[in-house]
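Engineer: Below is the structure I would like to discuss, written out as structure tokens.
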Amino acid sequence: MTPDRIQAIADQVVAGAARGESVEAVATWSRDTEVRVYDGAVEAFTSAESAGVGVRVVVEGRVGFAWAGTLDEAAVRDALDDARDNARFASADPQAGLADPDGVAPASLDLYDGRLEATGTDAKIRLALDLEAAVVGADPRIGIESVDYSDQVATSAIASTSGVRAASTETACALSAYVLASGEEETTTGFGFSVGRHPEALDVSATASDAVARAVRMLGAKPARSERLTVVLDPWVTAQLIGLVAAVFSADAVQKGRSLFANRIGEQVASPLVTLVDDPTDPRQWGATSNDGEGIATRPVALIDSGVASGFLYDSYTARVAGAASTGSAVRHGFKTTPSPGPQAVGLRPGGLTAEQVWAQVGDGLLIQEVSGMHSGVNPVSGDFSTGAEGVRLRGGEPAEAVREVTIASTLQRMLTDVVAVGNDVVFFPLEASGVSLAVAEVTLSGGAG
Amino acid sequence: MPDLIDSETLQRVLGAALSTGAEWAEVFAEDRRSTGAVLDDGKVEELTSGRDRGAGIRVVVGDSTGFAHTSDLSEAALLETARIAAQAARGAGEAGRTVQLRAGESTLRPVGIYPDDIGKARKVELLTLADQAARTAGSGITQVTARYSDSRRRIQVANSEGIVVGDDQVRTLLSVSCVATGDTGMQTGRESVGHTIGFELFDRYDVEDLAATAAQRALTKLAARPAPSGQMTVVIGSGGGGVMFHEACGHGLEADLVEKGASVFAGRLGELVASPLVTLVDDGTLGGEWGNFGIDDEGHVAQRNVLIEDGVLVDYMWDGLRARKEGRTSSGNGRRQSYQHLPMVRMTNTYLLGGSDSPEDIIADTDSGVYIAHLGGGQVNTATGDFVFGMTEAYLIEGGRITEPLREGNLIGNGPAVLGNIDAVGNDFAMGPPGTCGKDGQGVPVGDGVPTLRVHGLTIGGTAA
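So the sequence lines, in the order shown, correspond to chains A and B. Residues 1084 to 1533 (the numbering used here) are what the first sequence spells out, left to right. Residues 1103 to 1567 (the numbering used here) are what the second sequence spells out, left to right.
Following this line, the structure appears as structure tokens:
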């Protein structure tokens, strides 16, 4: 499916706008391949094309939305009719409306690599089999929970009556391994993955060794006693944390009284070591994109600059309410949702230390390699932070014995101000954030050991 | 209700799916319509409606599955999709096998009021009522979000065993989330109701009561102290949520994880895995509950399955693929998010049967601990057994009495250890709020329930000493 054809479908919806209506349409198409292998053979192979449209209609300040999981012409027409009907029942809001083009040129990002589509099915299966073999061959204690290869070619287009018009095609692929390590009385788990725009960019051996190291490191892990200490979050955990923090900078949360950072622009909200930027124009980021969910050019947005709260993430609506400009931060989760402002590609400005130097600076603490319950124990409105955790003790700056069945707790506010070291070991994940090693002091470790 | 795909077409499509010599093939067709409305910041922000329609075709050869899906239910598109799936799983069996379909057991349940028959204005009105009720619950309430959604999911499953069956699943949900603001900052409170029924949901529940409950949760937490840290005795309130069991052992009893050795409960059938007070059931037949259905997403009729009886592990949960390997029947736990997904072993409504203790006695008999009235979500590592779940409404227990409210946090424990440390089970069983269970990237609706119960060996993830 070419960008021109997808764009034509979006254009056609917009051409159906009635007098007095603002209409915006997004259309997407993708081809997905997924391979799961087990025991040296293909366990499941999925090949599929998916497509859909999402239509937003604004009439006299009332917004309606409808979507269809197909590009079938009649279904697309129905979506416009449904969106139009839905708008009748929304509250009138004089600020409601679609994005107006702002003249900012989109960054030229190379997110499509033809080598993906040139790769045959057998080569994709081979990558997954190679990964499984590398994992199993690395250590006799290792077994497989799942090993997957997946890829996608996706084309999306947007058009609106206010003159927005953009289309793009991207490729992405990933290898992942979830592994089990068997000890004398226990089983531990680890994972590794590698992401890229084409299969040659995937690193089988690094994925395997990361997964194996994470699982083996946890063998013999014990619960701990409660205490307050300094933790070092590894890049994977840091990425999850800063994704949550960045969401609190959404202008939607600010304007609706749900943000810890409302009215705090210009104030010190974090350690001076912390500079947090949402930059979808960085092509290394999984969330890299040249246009946001409303077709506005993305741009780097500094949220925290050397510890000082410096900016919020705006879509066109929140920008109008604030008398500001959109920062190109409208996020859509596919064609089935309306856009709202949020982070797309967050990262911390790397510090001057390697991971090992961060550990050395901390001396005695806990290196966290995995957290659980980020959705159930972290409240971005109150800032309360509590998650399950596993990792290894740092003793004299060196990784020591493993610890499991503990929680770490603090508040988002305190964690930001308690940052004592930022690593330079940037890792990109299939998340809306990248990560580095991050040392945070004064965290409560809770455990049941006597 | 007309079939999504007629039987003759299904037979030809199954024939194409078997054309490369596969042992087994399946066509899963789905038509899902949904409506949603959101009120936030005092405004009905938007109404949404959507439609998904398509079919997923599965072809199985030995341990290998080929899968493809299409949003086009025309015969030409279905045949092409079947060929793609068949190419991905080539077998040594007889090619060109034909399938004669016969109707499977009908399980259609009556729907009171189809949400599509209710005007959008009425749905919006519910949100407005919720907003007003929450805001009048206290001056500390500074923000309210109310969400309504309904869906009608029609499915049809046909497989090479010759069965064709269908189901019509209607779900309706309403949730209210509040922010309360005070000297201590902001706190949140949430309440939701959802059932596998139609708009008659609102004959059973008063939207204003739900909103007041959500508001009260937020207001109470303004005065909450930081949760303690370390291991404590925990009393979980009736209906507060069975999330603990869902995580502590539910996932670990899913046969796909057991098969790969990724569960601490593998190889433990017939053993005592929990306190003798524990009888745990997974029950897809539980009428109207959030995880209820007529047939699962492989066409198997919903079942009530006892997993743990008086502490003894009786059985795991099974989907068709793993059941066929073991030469047994599915337990009706094969579920998928949509036609675009492969089914796997999933829970339905998972609950702990009631016991004989009075809830008042359980609390009075607890010298110090934590009382959790309302649980949040959770997560488990089934291989290690370590699991967490959130507490969204919790209090200290001091001297056998419920005292001060606590701020939010996670609790962590190890499944087998925690199940063995349940020493009181109340006689006040109730189902909890509707949930969405995530596994391998797929979300499905699930229910859970517990009576009041007491457990030792959980670690509270707070910041206080």
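Heads up, the beta-carbon is just placed ideally off N, CA and C, and yes, glycines get one too.
What is the residue span of the beta strand (DSSP E) that valine 1230 of chain A lies within?
Structural biologist: Looking up residue 1230 of chain A in the first sequence gives position 147. It spans 1225-1243 - the beta strand (DSSP E) in which valine 1230 of chain A sits, taken as one unbroken run.
Engineer: Scan the region 1193-1270 of chain B and note each continuous alpha helix (DSSP H) run of 4 residues or more that stays entirely inside, going in chain order.
Structural biologist: The region 1193-1270 of chain B contains these whole alpha helix (DSSP H) runs: 1222-1237.
Engineer: Using a 10 Å radius around the Cβ and a threshold of 16 neighbouring Cβ atoms, would you call alanine 1157 of chain B buried or exposed?
Structural biologist: The sequence position of residue 1157 of chain B within the second sequence is 55, counting from 1. The residue in question, alanine 1157 of chain B, is buried, as its Cβ has 16 or more Cβ neighbours within 10 Å.
Engineer: By the 9 angstroms beta-carbon criterion, what residues does the region 1222-1241 of chain A contribute toward chain B?
Structural biologist: Within the region 1222-1241 of chain A, the qualifying residues are Gly1226, Ile1227, Glu1228, Ser1229.
Engineer: Can you pull the chain B neighbours of tryptophan 1150 of chain A, defined as C-beta to C-beta under 7 angstroms?
Structural biologist: In the first sequence, the residue the question calls residue 1150 of chain A occupies position 67. By Cβ distance, chain B contributes Gly1152.
Engineer: So, at 6 angstroms on beta carbons, what are the nonlocal neighbours of tyrosine 1441 of chain B in its own chain, with the 5 sequence-adjacent residues on each side left out?
Structural biologist: Reading the second sequence from its first residue, position 339 is the one you call residue 1441 of chain B. Taken in chain order, the residues that qualify are Phe1130, Glu1132, Gly1156, Ala1157, Gly1158, His1171.
Engineer: Against chain B, with Cβ distances strictly below 8 angstroms, would alanine 1289 of chain A count as a contact?
Structural biologist: Locating residue 1289 of chain A in the first sequence gives position 206, counting from the first residue. Answer no: the Cβ-Cβ gap between alanine 1289 of chain A and chain B never drops below 8 angstroms.
Engineer: Just tell me which of B/Val1552, B/Ile1524, B/Leu1141, B/Thr1505 has its CA closest to the CA of alanine 1326 of chain B.
Structural biologist: Taking the second sequence and counting its residues from 1, one reaches residue 1326 of chain B at position 224. Cα-wise, what sits closest to alanine 1326 of chain B is B/Thr1505.
Engineer: With a threshold of 8 angstroms between beta carbons, is glycine 1545 of chain B in contact with chain A?
Structural biologist: Counting from 1 along the second sequence, the entry for residue 1545 of chain B is found at position 443. Output row for glycine 1545 of chain B: interface = no.
Engineer: Please state if the CB of phenylalanine 1511 of chain A and the CB of serine 1520 of chain A are separated by a distance shorter than 8 angstroms.
Structural biologist: What you label residue 1520 of chain A is simply residue 437 of the first sequence in a count that begins at 1. What you label residue 1511 of chain A is simply residue 428 of the first sequence in a count that begins at 1. No, the Cβ-Cβ distance between serine 1520 of chain A and phenylalanine 1511 of chain A is not below 8 angstroms.
Engineer: Scan the region 1162-1196 of chain A for residues whose Cβ lies nearer than 7 angstroms to a Cβ of chain B and list them as they occur along the chain.
Structural biologist: So the close ones are Asp1165, Asn1169, Phe1172, Ala1173, Ser1174, Asp1176.
Engineer: Glutamine 1178 of chain A: buried (16+ other C-beta within 10 angstroms of its C-beta) or exposed?
Structural biologist: To locate residue 1178 of chain A, count along the first sequence from 1; it is residue 95. The residue in question, glutamine 1178 of chain A, is exposed, as its Cβ has fewer than 16 Cβ neighbours within 10 Å.
Engineer: Report yes or no: do three or more beta-carbon pairs, one from the region 1410-1419 of chain B and one from the region 1351-1362 of chain B, lie closer than 8 angstroms?
Structural biologist: Verdict: yes, contact present.
Engineer: Given that methionine 1449 of chain B touches chain A, what residues does it touch there, using C-beta distances under 9 angstroms?
Structural biologist: Taking the first residue of the second sequence as position 1, residue 1449 of chain B is located at position 347. Within 9 angstroms Cβ-Cβ: nothing; methionine 1449 of chain B doesn't reach chain A, min ~17 angstroms.
Engineer: For valine 1520 of chain B and chain A, any beta-carbon pair shorter than 8 angstroms?
Structural biologist: The residue labelled residue 1520 of chain B in the question sits at position 418 within the second sequence. No, its Cβ sits nowhere closer than 8 angstroms to a Cβ of chain A.
Engineer: Can you give the Cα-Cα distance for alanine 1534 of chain A and serine 1105 of chain A, rounded to whole angstroms?
Structural biologist: Chain A is shown only over 1084 to 1533; residue 1534 of chain A falls outside these bounds and no answer can be derived.
Engineer: Using a Cβ cut-off of 8 angstroms (strictly closer), state whether valine 1140 of chain A contacts chain B.
Structural biologist: For the purposes of this step, residue 1140 of chain A is taken as the residue at position 57 of the first sequence. Not closer than 8 angstroms to any Cβ of chain B, the Cβ of valine 1140 of chain A fails to qualify, so no.
Engineer: My output table needs one value for aspartate 1094 of chain A: the three-state DSSP class, helix, strand or coil.
Structural biologist: Taking the first residue of the first sequence as position 1, residue 1094 of chain A is located at position 11. Looking at aspartate 1094 of chain A - three-state DSSP - the assignment turns out to be helix.
Engineer: Is any beta-carbon of chain A found at less than 8 angstroms from that of serine 1573 of chain B?
Structural biologist: This structure gives no information on residue 1573 of chain B, because the portion of chain B shown stretches from 1103 to 1567.
Engineer: Have a look at glutamate 1107 of chain A and phenylalanine 1491 of chain B and give me their C-alpha separation to the nearest angstrom.
Structural biologist: Locating residue 1107 of chain A in the first sequence gives position 24, counting from the first residue. Locating residue 1491 of chain B in the second sequence gives position 389, counting from the first residue. Distance between the alpha carbons of glutamate 1107 of chain A and phenylalanine 1491 of chain B is about 41 angstroms.
Engineer: Are there three or more Cβ pairs, one per stretch, closer than 8 angstroms when the region 1460-1468 of chain A is compared with the region 1401-1409 of chain A?
Structural biologist: In short, these stretches do not touch, since the Cβ pair count stays below three.
Engineer: Comparing C-alpha positions only, which one of B/Asn1523, B/Ala1184, B/Thr1486, B/Arg1135 sits nearest to leucine 1120 of chain B?
Structural biologist: By one-based count along the second sequence, residue 1120 of chain B stands at place 18. That would be B/Ala1184, whose Cα lies nearest to the Cα of leucine 1120 of chain B.
Engineer: Could you name the residues of the same chain whose beta carbon sits closer than 7 angstroms to that of aspartate 1193 of chain A, not counting the 5 residues immediately before and after it, in chain order?
Structural biologist: Working through the first sequence from its first residue, we reach residue 1193 of chain A at position 110. Around aspartate 1193 of chain A: Pro1366.
Engineer: For a cutoff of 8 angstroms on Cβ pairs, would you count alanine 1260 of chain A as touching chain B?
Structural biologist: Position 177 of the first sequence, counted from the start, is the residue given in the question as residue 1260 of chain A. Not an interface residue.
Engineer: In chain order, what residues of the same chain lie with their CB nearer than 6 angstroms to the CB of glutamate 1488 of chain A, ignoring the 5 residues before and after it?
Structural biologist: Residue 1488 of chain A sits at position 405 when you count from the first residue of the first sequence. Once the five neighbours on either side are set aside, the close Cβ partners of glutamate 1488 of chain A are Pro1306.
Engineer: Using the DSSP secondary-structure output, state which residues sit across from arginine 1415 of chain A in a beta bridge.
Structural biologist: Translated into the one-based positions of the first sequence, residue 1415 of chain A becomes position 332. DSSP output for arginine 1415 of chain A lists no bridge partner at all.
Engineer: Quick one: which residues of the region 1466-1480 of chain A get their C-beta closer than 8 angstroms to a C-beta of chain B? List them in chain order.
Structural biologist: Here the close residues are Gly1466, Asp1467, Ser1469, Thr1470, Gly1471, Glu1473.
Engineer: What separation, rounded to the nearest whole angstrom, lies between the Cα atoms of glycine 1430 of chain A and glutamate 1269 of chain A?
Structural biologist: Position 347 of the first sequence, counted from the first residue, corresponds to residue 1430 of chain A. Position 186 of the first sequence, counted from the first residue, corresponds to residue 1269 of chain A. C-alpha separation (whole angstroms): 36 angstroms.
Engineer: At 8 angstroms on the CB atoms, spell out the chain B contacts of phenylalanine 1128 of chain A, in chain order.
Structural biologist: Residue mapping note: residue 1128 of chain A aligns to position 45 of the first sequence, counting from 1. Simply Ser1166, Thr1167, Gly1168, Phe1169, Ala1190, Ala1191.
Engineer: What's the C-alpha gap between alanine 1257 of chain A and serine 1377 of chain B?
Structural biologist: As a first step, residue 1257 of chain A is located in the first sequence; it is residue number 174 there, counting from the start. As a first step, residue 1377 of chain B is located in the second sequence; it is residue number 275 there, counting from the start. The straight-line gap from Cα to Cα measures roughly 43 angstroms.
Engineer: Chain B partners of leucine 1263 of chain A, CB-CB under 7 angstroms?
Structural biologist: If you number the first sequence from 1, residue 1263 of chain A lands on position 180. Simply Gly1363, Ala1364, Ala1485.
Engineer: Count the other CB atoms within 10 Å of the CB of histidine 1349 of chain A; is the residue buried (16 or more) or exposed (fewer)?
Structural biologist: As a first step, residue 1349 of chain A must be located in the first sequence, where it is residue number 266. Just to set this straight, residue 1349 of chain A is glycine in the shown sequence, not histidine. Glycine 1349 of chain A comes out exposed.
Engineer: Only counting the same chain, and skipping five residues up and downstream in sequence, which positions put a Cβ closer than 7 angstroms to that of alanine 1151 of chain A?
Structural biologist: Along the first sequence, one-based indexing puts residue 1151 of chain A at 68. Correct list, in chain order: Gly1135, Val1136, Ala1158, Val1159, Asp1161, Ala1162.
Engineer: Is there a Cβ of chain A sitting closer than 8 angstroms to that of leucine 1444 of chain B, yes or no?
Structural biologist: Within the second sequence, residue 1444 of chain B is the residue found at index 342, counting from 1. True, the Cβ-Cβ gap to chain A drops below 8 angstroms.
Engineer: Does DSSP put proline 1355 of chain A in a helix, a strand or coil?
Structural biologist: Counting from one through the first sequence, the residue named residue 1355 of chain A turns up at place 272. Reduced to three states, the DSSP call for proline 1355 of chain A is coil.
Engineer: For methionine 1446 of chain B, which three-state DSSP category applies?
Structural biologist: For the purposes of this step, residue 1446 of chain B is taken as the residue at position 344 of the second sequence. Strand at methionine 1446 of chain B.
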